[in-house]
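Structure record follows, encoded as structure tokens.
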Amino acid sequence: MANIIVLVKQVPDTNARIVLSGERVDLSAVKKVMSPYDEFAVETALQHREASGGEVTAITVGAAGADKVLKDAKAIGVDHIVRIDCDDNLDSNALQSMLASVVSSLEADVVYCGKSAADTGAGSTGPGLAERLGWASVSNTISVAFGDQLSVITPSSGGNARVNVPLPAVISCDKGDIKVRKPNVKGIMQAKRAQVDVQSVEVPASTISIVTHSMPPAKPAGKSYEGGAAAAEVAQLLRDEANVI
Amino acid sequence: MTETVVIAEIVKGAVHPTTAELITAANALGSQPVVVVPCADASLADGAAKFTGVAGILAAKSDVFSDYDAAGWAAALDAVTPAGIIITSASPQSKDLAARLAARRGISVVQDVVKIESGNLTSPIYSGKAMQTVSLSGNAVVSVRPNVFDASGNDGSANVSVVDTSGDVATAVQEFMARASNRLDVAEANIIISGGRGMGNPENFSHLEAIADTLGAAVGASRAAVDTWDEIPHSMQVGQTGKTVNPNLYIAVGISGAIQHLAGMRSSKYIVAINKDADAPIFQHADYGIVATWEEALPILQSTLSAMMA
Ligand SMILES: Cc1cc2nc3c(=O)[nH]c(=O)nc-3n(C[C@H](O)[C@H](O)[C@H](O)COP(=O)(O)OP(=O)(O)OC[C@H]3O[C@@H](n4cnc5c(N)ncnc54)[C@H](O)[C@@H]3O)c2cc1C
Ligand SMILES: Nc1ncnc2c1ncn2[C@@H]1O[C@H](COP(=O)(O)O)[C@@H](O)[C@H]1O
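Heads up: the protein sequence lines correspond to chains A and B, in order. Going by the numbering used here, the first residue of the first sequence is number 1, and it counts up by one from there. Going by the numbering used here, the first residue of the second sequence is number 1, and it counts up by one from there.
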């Protein structure tokens with residue numbers, strides 16, 4: 001029986017256009033979804049439950065609007081849903097401290113999360129949380145097999161490595177070759193009725209402050225050519241002008 | 001003055017040249033860094049002695065550094081790394097390490113920095129659709145994107161001191177599964193040539209492989225190519241749900257340039273696009289755009305490059 005946790009974050013749909021209002025991004029008109037890699041974390045957590053028995057708790061850190069991502073996880077099949085209430089823009093230290101305190105209180109065996117969130121792109125939460133808990137961690141896993149230990153596959157220089165991971169551990173999931181299941185009607189009905197367990201924990205002060213958001217610098221218009229023969233000239237420019245080959 | 005420390009980037013048992021870019025980033029934060037070199041054999045640190053702009057080289061010697069284990073590496077480095085802003089590369093392994101090290105010190109981590117100005121750090125957010133600039137109060141661990149900062153000089157002769165360290169390793173590598181070819185992975189390569197659905201069928205990727213072999217490049221793919229053809233593995237996928245890459249040169253062939261593909265490669269230093277549709281969005285991001293079929297363009301590209309590299 002395993003006590004399994006999966007972290008899910010609500011992020012703007014990856015198709016969404018990001019706009020600024022003044023010097024901050026304005027997400028008010030943007031559709032929000034579960035961060036893509038978290039879908040693989042949820043699937044892996046459910047497969048772990050099927051292999052060893054136990055229960056899966058999905059946790060998100062966010063404001064009330066983030067309940068939606070928990071309901072989505074519930075519809076796919078997690079047992080419990082927990083939101084750590086918070087409104088602020090957290091730095092990694094604050095976010096991980098909050099998660100660490102709730103994960104320890106739940107006495108979990110394993111935490112699955114996404115390899116990086118679609119908004120931050122950081123990939124900090126899994127390894128950072130593991131360090132705070134004193135647990136093992138592996139990031140960017142593309143396959144997980146369950147037993148007394150986990151056996152995971154992760155990229156390594158020149159190929160992949162199969163790595164044994166003692167529990168407790170935090171695993172940050174890349175896409176890999178698993179198919180994520182979709183919610184069924186029963187799951188969706190259960191999710192509608194499900195209660196979110198809202199917890200509040202102390203937030204350490206942030207030491208990282210956002211100064212400004214901006215649009216990516218516009219790329220100067222490139223050179224364009226018609227017809228495949230231009231490939232010869234481009235190859236020459238890559239050497240003489242760009243200096244990259 | 002801000003104290004800075006650079007953790008040298010180790011690839012295949014050697015100090016990687018991107019370490020010189022980390023030194024430039026440290027200099028931009030206002031100081032000459034100590035460069036800490038994680039190594040099982042201290043002679044490896046000699047590879048860092050030539051960098052200029054540094055305060056000194058510290059060879060952190062431990063068996064822990066034979067295989068990568070996040071917990072062991074973070075503990076062993078934390079034990080010998082001076083206080084300050086710690087700078088690592090933003091390679092997948094070093095981002096993992098950066099997060100561990102920061103958590104170990106109870107400080108925050110800022111990943112994927114592409115600009116440092118007046119002590120403020122800028123990184124892409126929302127897959128590069130916007131940029132975020134932050135300020136630090138206190139120390140942090142900062143990972144820096146490769147191929148963005150200029151390299152510091154390499155005609156120096158810094159002092160190397162050796163210090164033994166240790167840490168508890170948590171995970172155990174059971175086996176390495178080498179790639180079938182010795183071509184680089186997209187996450188490691190300085191030049192990438194990627195194919196999309198426009199390649200027509202997976203066999204045609206052999207044309208990309210031939211050019212990759214000429215250039216010492218990696219072969220990548222769009223998600224449409226990975227999803228459509230079993231022969232093209234997900235490990236080749238570049239983009240939002242694939243790998244984020246920052247090569248010096250990215251050649252996109254038969255790729256339309258969807259926002260999720262751009263997310264993974266738009267910060268490449270130079271982008272070449274080959275596409276038969278002049279209106280394909282990829283052309284808005286290309287330094288060199290060739291409107292042509294790949295059938296027409298690739299043989300000419302191949303023969304010109306072969307002649308140049310010969
Ligand atoms: C949540 C989410 C995540 C995603 N993640 C990713 C990701 O990580 N990476 C990714 O790439 N995509 C991703 N996508 C998919 C993305 O939206 C596009 O569907 C995909 O990138 C399209 O791939 P493509 O350009 O190869 O194919 P297409 O859009 O079909 O484009 C093929 C191109 O080839 C050109 N072409 C055709 N024949 C030739 C020829 N003979 N010679 C030259 N050019 C030719 C065409 O003009 C066209 O521009 C994601 C989508 C979603 C919703
Ligand atoms: N606010 C949050 N709530 C829940 N999970 C989170 C949160 N932020 C990050 N995570 C998890 O950590 C992963 C990596 O996030 P990041 O470190 O921001 O790239 C995400 O894919 C989530 O699984």
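In this text, a Cβ means the ideal position worked out from N, Cα and C, and glycines have one as well.
Give the residues of chain B in contact with residue i, contact being defined as C-beta atoms less than 7 Å apart.
i, result
"I171/A", "Those do not exist, as I171/A stays about 11 Å from chain B at its closest Cβ, beyond 7 Å."
"I210/A", "Q132 and V134"
"L7/A", "The premise fails here: L7/A is roughly 14 Å from chain B at the closest Cβ pair, so nothing lies under 7 Å."
"R239/A", "M308"
"A264/A", "No information on residue 264/A is available, as it lies outside the stretch 1 to 245 that chain A covers here."
Under 7 Å: does the beta carbon of residue i sit that close to some heavy atom of ligand 3?
i, result
"S157/A", "This structure simply doesn't include ligand 3; it includes ligand 1 and ligand 2 instead."
Can you have a look at residue i and say buried or exposed, based on whether 16 or more other CB atoms are within 10 angstroms of its CB?
i, result
"D69/B", "buried"
"Q237/B", "buried"
"F176/B", "exposed"
"T19/B", "buried"
"L20/A", "exposed"
"N147/B", "buried"
"P217/A", "exposed"
"M1/A", "exposed"
"E23/A", "exposed"
"E226/A", "exposed"
"P233/B", "exposed"
"E203/B", "exposed"
"R193/A", "exposed"
"D112/B", "buried"
"P36/A", "buried"
"V163/B", "exposed"
Since residue i meets chain A, which of its residues come closer than 8 Å, beta carbon to beta carbon?
i, result
"L305/B", "A235 and I245"
"E175/B", "A161 and R162"
"I107/B", "N93 and T207"
"H234/B", "I142, K175, G176 and D177"
"P92/B", "G123, S139, N140 and P155"
"V11/B", "S157"
"I191/B", "V244 and I245"
Using DSSP bridges, identify the partner residues of residue i.
i, result
"R248/A", "Here chain A covers residues 1 to 245 and nothing more, so residue 248/A does not appear."
"P124/B", "M131/B"
"F176/B", "A161/A"
"C39/B", "K61/B"
"N204/B", "Its beta-bridge partners do not exist; DSSP assigns none."
"H80/A", "T57/A"
"E117/B", "N120/B"
"R24/A", "S21/A"
"I327/B", "Outside the displayed span of chain B (1 to 310) sits residue 327/B, for which this structure offers no information."
Show which residues of chain A have a CB atom less than 7 Å away from the CB atom of residue i.
i, result
"I300/B", "G228, A229, A231 and A232"
"A297/B", "G228 and A231"
Show which residues of chain B have a CB atom less than 9 Å away from the CB atom of residue i.
i, result
"T14/A", "Y126, S127, Q240, T241, I259, Q260 and A263"
"P166/A", "A170, T171 and A172"
"R132/A", "A103, R104 and G106"
List the residues of chain A whose Cβ lies closer than 9 Å to the Cβ of residue i, in chain order.
i, result
"D185/B", "P155, S157, G158 and G159"
Would you mind telling me which residues of chain B sit closer than 8 Å to residue i, beta carbon to beta carbon, in chain order?
i, result
"R181/A", "Ordered by position in chain B, no residue passes the 8 Å Cβ test against R181/A, which lies about 17 Å from the chain."
Which residues, taken in chain order from the region 109 to 138 of chain B, show a beta carbon closer than 7 Å to some beta carbon of chain A? V109, V110, Q111, D112, N120, P124, I125, Y126, S127, G128, K129, A130, M131, Q132, T133, V134, S135, L136, S137 and G138
What runs of the beta strand (DSSP E), each 3 residues or longer, lie entirely inside the region 94 to 180 of chain A? 110 to 114, 136 to 141, 143 to 145, 149 to 156, 159 to 166 and 169 to 173
Listed from N- to C-terminal order along the chain, which residues in the region 198 to 224 of chain A have their beta-carbon within a distance smaller than 7 Å of any beta-carbon of chain B? T207, I208, S209, I210, V211, T212, H213, S214, M215, P216, K219, G222, K223 and S224
Interfacial residues, the region 96 to 128 of chain A to chain B, with Cβ spacing under 7 Å: Q96, A118, D119, T120, G121, A122, G123, S124, P127 and G128
Check distances from the C-beta atoms of the region 269 to 294 of chain B to those of chain A and list, in chain order, the residues that come in under 9 Å. K269, Y270, I271, V272, A273, I274, A278, F283, Q284, H285, A286, D287, Y288, G289, I290, V291, A292, T293 and W294
Please go through the region 70 to 101 of chain B and give each complete alpha helix (DSSP H) segment of 4 or more residues, from N-terminal end onward. 70 to 80
Which residues, in order along the region 48 to 76 of chain A, keep a beta-carbon less than 8 Å from a beta-carbon of chain B? none
Uninterrupted alpha helix (DSSP H) stretches inside the region 235 to 304 of chain B (no shorter than 4 residues): 259 to 265
Listed in chain order, which residues of the region 18 to 36 of chain A have Cβ atoms closer than 8 Å to some Cβ of chain B? I18, L20, V25 and P36
Could you list the residues in the region 244 to 259 of chain B with a C-beta less than 8 Å from some C-beta on chain A, going in chain order? T244, N248, L249 and I259
Residues, ordered as in the chain, of the region 211 to 229 of chain B that lie near chain A by beta-carbon distance below 8 Å: L215
Closer than 8 Å between beta carbons: that is the criterion. Which residues of the region 10 to 38 of chain B meet it against chain A? V11 and K12
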